[in-house]
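Numbering (the numbering used here), first residue to last: 2 to 320.
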(Lines of atoms letter the chains of each structure in order from A and count residues from 1; the text may use other names and numbers.)
(Lines give C-alpha, C1' and ligand atoms only; values in the text may rest on other atoms or scores of the structure.)
Protein backbone atom coordinates (compact mmCIF):
# COMPACT_ATOMS: atom_id res chain seq x y z
CA UNK A 1 0.00 0.00 0.00
CA UNK A 2 1.06 3.57 -0.47
CA UNK A 3 1.53 4.77 3.07
CA UNK A 4 2.64 8.36 2.63
CA UNK A 5 2.97 11.22 0.19
CA UNK A 6 5.47 13.76 1.48
CA UNK A 7 5.49 17.48 0.84
CA UNK A 8 8.26 19.02 2.89
CA UNK A 9 7.85 17.67 6.41
CA UNK A 10 4.11 17.19 6.05
CA UNK A 11 2.96 13.63 5.42
CA UNK A 12 -0.35 12.70 3.86
CA UNK A 13 -1.66 9.25 4.63
CA UNK A 14 -4.84 7.84 6.10
CA UNK A 15 -4.04 9.50 9.39
CA UNK A 16 -5.99 11.72 11.69
CA UNK A 17 -3.32 14.40 11.66
CA UNK A 18 0.01 15.20 10.07
CA UNK A 19 3.34 14.84 11.80
CA UNK A 20 7.00 15.48 11.10
CA UNK A 21 7.95 11.81 10.70
CA UNK A 22 6.07 11.29 7.45
CA UNK A 23 3.45 9.35 9.44
CA UNK A 24 5.97 6.59 10.10
CA UNK A 25 5.00 6.40 13.75
CA UNK A 26 1.25 6.29 13.23
CA UNK A 27 0.78 4.40 9.96
CA UNK A 28 -0.18 1.08 11.50
CA UNK A 29 -2.38 2.47 14.25
CA UNK A 30 -4.18 4.82 11.89
CA UNK A 31 -5.12 2.14 9.40
CA UNK A 32 -2.24 1.80 6.93
CA UNK A 33 0.42 -0.85 7.35
CA UNK A 34 3.51 -1.98 5.49
CA UNK A 35 3.07 -5.35 3.81
CA UNK A 36 5.45 -8.28 3.70
CA UNK A 37 5.90 -11.21 1.35
CA UNK A 38 3.83 -13.44 3.61
CA UNK A 39 0.85 -11.13 3.17
CA UNK A 40 0.85 -12.00 -0.52
CA UNK A 41 1.66 -15.68 -0.21
CA UNK A 42 -0.54 -18.52 -1.45
CA UNK A 43 -3.65 -19.24 0.50
CA UNK A 44 -7.38 -18.79 0.60
CA UNK A 45 -8.84 -15.59 -0.76
CA UNK A 46 -12.36 -14.37 -0.12
CA UNK A 47 -14.70 -17.24 0.63
CA UNK A 48 -17.27 -17.78 -2.10
CA UNK A 49 -20.01 -17.84 0.54
CA UNK A 50 -19.04 -14.32 1.62
CA UNK A 51 -19.75 -12.96 -1.87
CA UNK A 52 -23.49 -12.63 -2.21
CA UNK A 53 -25.73 -11.03 -4.80
CA UNK A 54 -25.98 -8.06 -2.43
CA UNK A 55 -22.25 -7.53 -1.97
CA UNK A 56 -19.40 -8.59 0.31
CA UNK A 57 -20.81 -10.00 3.52
CA UNK A 58 -17.79 -9.19 5.67
CA UNK A 59 -16.94 -5.76 4.23
CA UNK A 60 -18.79 -2.72 5.44
CA UNK A 61 -18.18 0.80 4.29
CA UNK A 62 -15.61 3.27 5.55
CA UNK A 63 -17.01 6.40 7.16
CA UNK A 64 -14.79 8.01 9.76
CA UNK A 65 -14.79 11.70 10.46
CA UNK A 66 -11.29 11.60 11.94
CA UNK A 67 -9.74 10.41 8.70
CA UNK A 68 -8.83 7.00 10.06
CA UNK A 69 -9.63 3.93 7.99
CA UNK A 70 -9.86 0.28 8.81
CA UNK A 71 -6.56 -1.47 8.20
CA UNK A 72 -8.04 -3.82 5.56
CA UNK A 73 -9.50 -0.87 3.67
CA UNK A 74 -6.41 1.27 3.22
CA UNK A 75 -6.90 3.22 0.01
CA UNK A 76 -6.01 6.36 -1.91
CA UNK A 77 -6.81 10.01 -1.43
CA UNK A 78 -8.38 12.08 -4.15
CA UNK A 79 -6.18 14.44 -6.08
CA UNK A 80 -5.63 18.00 -4.99
CA UNK A 81 -4.13 21.07 -6.58
CA UNK A 82 -2.80 22.44 -3.31
CA UNK A 83 -1.32 19.76 -1.09
CA UNK A 84 -0.41 22.30 1.59
CA UNK A 85 -4.05 23.07 2.27
CA UNK A 86 -5.79 19.86 1.18
CA UNK A 87 -5.12 16.23 1.91
CA UNK A 88 -4.53 14.10 -1.15
CA UNK A 89 -2.14 13.30 -3.98
CA UNK A 90 -0.78 16.31 -5.86
CA UNK A 91 -2.24 16.57 -9.35
CA UNK A 92 -0.63 19.85 -10.37
CA UNK A 93 3.05 20.11 -9.46
CA UNK A 94 4.60 17.70 -8.84
CA UNK A 95 1.94 15.74 -10.70
CA UNK A 96 1.55 12.02 -10.08
CA UNK A 97 -0.48 10.98 -13.08
CA UNK A 98 -0.15 7.28 -12.40
CA UNK A 99 -2.43 7.36 -9.36
CA UNK A 100 -5.14 9.50 -10.92
CA UNK A 101 -6.67 6.41 -12.47
CA UNK A 102 -7.34 4.87 -9.08
CA UNK A 103 -8.17 8.06 -7.21
CA UNK A 104 -11.69 7.68 -6.00
CA UNK A 105 -11.74 4.11 -4.77
CA UNK A 106 -11.56 5.84 -1.42
CA UNK A 107 -12.57 9.48 -1.48
CA UNK A 108 -12.17 12.35 0.90
CA UNK A 109 -15.41 14.23 1.07
CA UNK A 110 -13.93 16.52 3.67
CA UNK A 111 -10.32 17.41 4.38
CA UNK A 112 -9.63 14.05 5.99
CA UNK A 113 -12.74 11.92 5.66
CA UNK A 114 -12.25 8.71 3.64
CA UNK A 115 -15.53 7.14 2.61
CA UNK A 116 -16.73 4.20 0.55
CA UNK A 117 -20.23 2.86 0.08
CA UNK A 118 -21.46 0.08 2.31
CA UNK A 119 -19.93 -2.90 0.53
CA UNK A 120 -22.60 -5.20 1.92
CA UNK A 121 -25.27 -3.42 -0.14
CA UNK A 122 -23.53 -2.62 -3.41
CA UNK A 123 -26.18 -4.44 -5.46
CA UNK A 124 -28.65 -1.72 -4.47
CA UNK A 125 -26.28 1.11 -5.29
CA UNK A 126 -27.45 3.74 -7.70
CA UNK A 127 -25.81 3.65 -11.11
CA UNK A 128 -22.93 5.89 -12.01
CA UNK A 129 -19.82 6.97 -10.21
CA UNK A 130 -18.11 5.09 -7.39
CA UNK A 131 -21.15 3.03 -6.27
CA UNK A 132 -21.45 1.66 -9.80
CA UNK A 133 -17.79 0.60 -9.71
CA UNK A 134 -18.31 -1.51 -6.59
CA UNK A 135 -21.51 -2.93 -8.03
CA UNK A 136 -19.75 -4.07 -11.20
CA UNK A 137 -16.84 -5.44 -9.19
CA UNK A 138 -19.18 -7.49 -7.04
CA UNK A 139 -20.96 -8.95 -10.07
CA UNK A 140 -17.68 -9.90 -11.75
CA UNK A 141 -16.27 -11.44 -8.56
CA UNK A 142 -19.42 -13.47 -7.92
CA UNK A 143 -19.41 -14.71 -11.52
CA UNK A 144 -15.81 -15.85 -11.12
CA UNK A 145 -16.54 -17.93 -8.03
CA UNK A 146 -19.69 -19.47 -9.49
CA UNK A 147 -18.34 -20.51 -12.88
CA UNK A 148 -17.51 -24.22 -13.19
CA UNK A 149 -13.86 -25.14 -13.02
CA UNK A 150 -12.32 -26.78 -16.08
CA UNK A 151 -11.01 -30.27 -15.69
CA UNK A 152 -7.26 -30.51 -16.10
CA UNK A 153 -6.49 -33.00 -18.85
CA UNK A 154 -3.58 -35.31 -18.15
CA UNK A 155 -1.07 -35.46 -20.97
CA UNK A 156 -0.48 -39.15 -21.54
CA UNK A 157 -0.41 -41.78 -24.23
CA UNK A 158 -4.08 -41.02 -24.87
CA UNK A 159 -2.89 -37.66 -26.19
CA UNK A 160 -0.94 -39.46 -28.91
CA UNK A 161 -4.10 -41.19 -30.06
CA UNK A 162 -5.98 -37.88 -30.16
CA UNK A 163 -3.18 -36.21 -32.08
CA UNK A 164 -3.22 -39.01 -34.63
CA UNK A 165 -6.79 -38.12 -35.56
CA UNK A 166 -6.21 -34.45 -36.17
CA UNK A 167 -6.68 -33.00 -39.64
CA UNK A 168 -3.01 -32.10 -39.95
CA UNK A 169 -1.99 -35.71 -39.40
CA UNK A 170 -4.51 -36.86 -41.99
CA UNK A 171 -3.08 -34.37 -44.47
CA UNK A 172 0.45 -35.55 -43.77
CA UNK A 173 -0.56 -39.17 -44.26
CA UNK A 174 -2.24 -38.31 -47.56
CA UNK A 175 0.86 -36.48 -48.75
CA UNK A 176 3.10 -39.36 -47.67
CA UNK A 177 0.99 -41.95 -49.50
CA UNK A 178 0.68 -39.74 -52.56
CA UNK A 179 4.44 -39.26 -52.76
CA UNK A 180 5.01 -43.00 -52.39
CA UNK A 181 2.52 -43.78 -55.16
CA UNK A 182 3.38 -40.86 -57.42
CA UNK A 183 -0.13 -39.42 -57.27
CA UNK A 184 -1.85 -36.28 -56.02
CA UNK A 185 -2.69 -36.03 -52.29
CA UNK A 186 -6.32 -35.23 -53.14
CA UNK A 187 -6.61 -38.39 -55.21
CA UNK A 188 -5.76 -40.64 -52.26
CA UNK A 189 -8.82 -42.68 -51.35
CA UNK A 190 -9.48 -45.15 -48.59
CA UNK A 191 -9.82 -45.27 -44.84
CA UNK A 192 -7.48 -42.67 -43.37
CA UNK A 193 -8.33 -43.88 -39.86
CA UNK A 194 -6.87 -47.24 -40.79
CA UNK A 195 -3.70 -45.51 -41.94
CA UNK A 196 -3.54 -43.64 -38.62
CA UNK A 197 -3.92 -46.92 -36.79
CA UNK A 198 -1.11 -48.40 -38.85
CA UNK A 199 1.28 -45.65 -37.78
CA UNK A 200 0.02 -44.98 -34.24
CA UNK A 201 -1.50 -48.34 -33.33
CA UNK A 202 -4.18 -49.25 -30.82
CA UNK A 203 -3.92 -47.97 -27.22
CA UNK A 204 -2.39 -51.24 -26.13
CA UNK A 205 -0.03 -51.65 -29.06
CA UNK A 206 2.31 -49.05 -30.53
CA UNK A 207 0.97 -46.19 -28.44
CA UNK A 208 2.22 -47.50 -25.11
CA UNK A 209 5.61 -48.24 -26.62
CA UNK A 210 5.80 -44.77 -28.17
CA UNK A 211 4.79 -43.13 -24.89
CA UNK A 212 7.33 -45.13 -22.89
CA UNK A 213 10.08 -44.19 -25.34
CA UNK A 214 9.00 -40.55 -25.20
CA UNK A 215 9.10 -40.47 -21.40
CA UNK A 216 12.50 -42.15 -21.30
CA UNK A 217 14.00 -39.91 -23.98
CA UNK A 218 16.99 -38.02 -22.63
CA UNK A 219 17.00 -34.31 -23.33
CA UNK A 220 19.16 -31.35 -22.42
CA UNK A 221 18.33 -29.79 -19.08
CA UNK A 222 18.11 -26.04 -19.82
CA UNK A 223 18.47 -25.24 -16.11
CA UNK A 224 21.95 -26.77 -15.77
CA UNK A 225 25.40 -25.94 -17.12
CA UNK A 226 27.58 -28.07 -19.40
CA UNK A 227 24.59 -29.66 -21.09
CA UNK A 228 23.85 -32.74 -18.94
CA UNK A 229 20.87 -34.74 -20.10
CA UNK A 230 17.84 -35.87 -18.13
CA UNK A 231 14.74 -37.94 -18.81
CA UNK A 232 11.96 -35.96 -20.42
CA UNK A 233 9.37 -37.23 -17.94
CA UNK A 234 11.32 -35.65 -15.05
CA UNK A 235 10.76 -32.14 -16.45
CA UNK A 236 7.31 -30.95 -15.43
CA UNK A 237 7.54 -27.20 -14.86
CA UNK A 238 6.07 -25.22 -17.81
CA UNK A 239 8.93 -22.70 -17.62
CA UNK A 240 11.55 -25.45 -18.06
CA UNK A 241 9.57 -27.16 -20.82
CA UNK A 242 9.24 -23.86 -22.69
CA UNK A 243 13.00 -23.37 -22.48
CA UNK A 244 13.55 -26.93 -23.68
CA UNK A 245 11.24 -26.38 -26.64
CA UNK A 246 13.02 -23.15 -27.57
CA UNK A 247 16.39 -24.92 -27.38
CA UNK A 248 15.40 -27.73 -29.73
CA UNK A 249 13.59 -25.36 -32.09
CA UNK A 250 16.82 -23.41 -32.48
CA UNK A 251 18.79 -26.63 -32.90
CA UNK A 252 16.46 -27.91 -35.64
CA UNK A 253 16.60 -24.53 -37.38
CA UNK A 254 20.42 -24.62 -37.34
CA UNK A 255 20.42 -28.17 -38.73
CA UNK A 256 18.02 -27.18 -41.50
CA UNK A 257 20.24 -24.23 -42.35
CA UNK A 258 23.24 -26.55 -42.68
CA UNK A 259 21.29 -28.96 -44.88
CA UNK A 260 20.10 -26.10 -47.06
CA UNK A 261 23.71 -25.01 -47.58
CA UNK A 262 24.72 -28.57 -48.55
CA UNK A 263 21.81 -28.89 -50.98
CA UNK A 264 22.71 -25.57 -52.58
CA UNK A 265 26.31 -26.76 -52.98
CA UNK A 266 25.22 -30.04 -54.58
CA UNK A 267 22.86 -28.24 -56.93
CA UNK A 268 25.69 -25.95 -57.99
CA UNK A 269 28.03 -28.88 -58.58
CA UNK A 270 25.42 -30.73 -60.63
CA UNK A 271 24.78 -27.63 -62.68
CA UNK A 272 28.50 -27.30 -63.37
CA UNK A 273 28.75 -30.93 -64.40
CA UNK A 274 25.66 -30.94 -66.56
CA UNK A 275 26.64 -31.28 -70.21
CA UNK A 276 30.38 -31.34 -69.39
CA UNK A 277 31.18 -35.08 -69.27
CA UNK A 278 33.41 -36.52 -72.05
CA UNK A 279 30.63 -38.76 -73.31
CA UNK A 280 28.13 -35.92 -73.41
CA UNK A 281 30.56 -33.74 -75.33
CA UNK A 282 31.26 -36.55 -77.76
CA UNK A 283 27.59 -37.29 -78.27
CA UNK A 284 27.13 -33.77 -79.53
CA UNK A 285 29.40 -34.61 -82.47
CA UNK A 286 27.52 -36.07 -85.41
CA UNK A 287 30.59 -36.94 -87.45
CA UNK A 288 32.25 -40.09 -86.08
CA UNK A 289 35.84 -39.32 -87.10
CA UNK A 290 35.85 -36.29 -84.81
CA UNK A 291 35.84 -38.64 -81.80
CA UNK A 292 39.46 -39.13 -80.84
CA UNK A 293 41.08 -41.49 -78.36
CA UNK A 294 41.14 -38.93 -75.53
CA UNK A 295 37.45 -38.12 -75.83
CA UNK A 296 35.86 -41.28 -77.17
CA UNK A 297 32.17 -41.97 -77.04
CA UNK A 298 30.78 -45.12 -75.54
CA UNK A 299 28.32 -45.48 -78.40
CA UNK A 300 31.17 -45.03 -80.89
CA UNK A 301 33.12 -47.83 -79.19
CA UNK A 302 30.09 -50.10 -79.31
CA UNK A 303 29.57 -49.38 -83.00
CA UNK A 304 33.18 -50.09 -83.86
CA UNK A 305 33.10 -53.33 -81.87
CA UNK A 306 29.88 -54.33 -83.61
CA UNK A 307 31.34 -53.61 -87.04
CA UNK A 308 34.40 -55.68 -86.18
CA UNK A 309 32.25 -58.60 -85.03
CA UNK A 310 30.17 -58.46 -88.21
CA UNK A 311 33.31 -58.41 -90.35
CA UNK A 312 34.67 -61.46 -88.54
CA UNK A 313 31.36 -63.25 -88.99
CA UNK A 314 31.35 -62.52 -92.74
CA UNK A 315 34.87 -63.82 -93.07
CA UNK A 316 33.88 -67.05 -91.37
CA UNK A 317 30.93 -67.44 -93.72
CA UNK A 318 33.15 -66.95 -96.75
CA UNK A 319 35.45 -69.69 -95.51
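A virtual CB, placed ideally from N, CA and C, is assigned to each residue, including glycine.
A quick note: this is a predicted structure, and the numbers were derived from the prediction, not measured.
If residue i and residue j are in contact, beta carbons under 8 Å, what's the gap, nearest whole angstrom?
i, j, result
"residue 56", "residue 139", "5 Å"
Out of the options, which one is the CA nearest neighbour of residue i?
i, options, result
"residue 218", "161, 230, 208, 307", "230"
"residue 175", "196, 159, 161", "196"
"residue 207", "183, 264, 159, 308", "159"
"residue 238", "172, 261, 222", "222"
"residue 322", "220, 316, 123, 311", "Any answer about residue 322 is impossible in this case: the structure gives the chain only from 2 up to 320."
"residue 136", "145, 247, 125", "125"
Does the distance from the C-beta atom of residue i to that of residue j stay below 8 Å?
i, j, result
"residue 232", "residue 209", "no"
"residue 179", "residue 189", "yes"
"residue 241", "residue 224", "yes"
"residue 161", "residue 211", "yes"
"residue 54", "residue 198", "no"
Residues in its own chain within less than 6 Å of residue i by CB, not counting five upstream and five downstream?
i, result
"residue 213", "none"
"residue 306", "none"
"residue 234", "216"
Hey, is residue i close to the ligand PLP, as in C-beta under 7 Å from one of its heavy atoms?
i, result
"residue 218", "Questions concerning the ligand PLP fall outside what the structure shown contains, since it holds no ligand whatsoever."
Keeping to the same chain, check which residues put their C-beta closer than 8 Å to that of residue i; ignore five residues upstream and five downstream.
i, result
"residue 58", "50, 51, 52, 121"
Which same chain residues, not among the five before or five after residue i, have their C-beta less than 7 Å away from its C-beta?
i, result
"residue 185", "179"
"residue 37", "Bear in mind that the predicted position of residue 37 carries a pLDDT of just 48, short of 50, making it unreliable; the figure below should be weighed with that in mind. None."
"residue 236", "242, 245"
"residue 316", "none"
"residue 177", "none"
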